[in-house]
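So for the sequence shown, numbering that gives the first Met the number 0 puts the first residue at 0; every next one is plus one.
To start, the structure itself, in structure tokens.
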Amino acid sequence: MAGYTYANLTTDIRNYTEVDANVFTAAVINRFLGR
């Protein structure tokens, strides 16, 4: 996972789930990732 940033991960999660940042906020993603 070298070169795979947190920003890339959040973008990919949003793309995969087909929602935008208003639905899948950073706080939701952080909880999902256990951060």
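Cβ atoms here follow ideal geometry from the backbone N, Cα and C, with glycine treated the same way.
Cβ-Cβ distance between residue i and residue j below 7 Å
i: ILE28; j: THR10; result: no
C-alpha gap between residue i and residue j, whole angstroms
i: PHE31; j: TYR3; result: 18 Å
i: ALA26; j: GLY33; result: 10 Å
i: ILE12; j: TYR5; result: 11 Å
Beta-carbon proximity list for residue i, same chain, < 6 Å, skipping 5 on both sides
i: ASN7; result: none
i: ASN14; result: none
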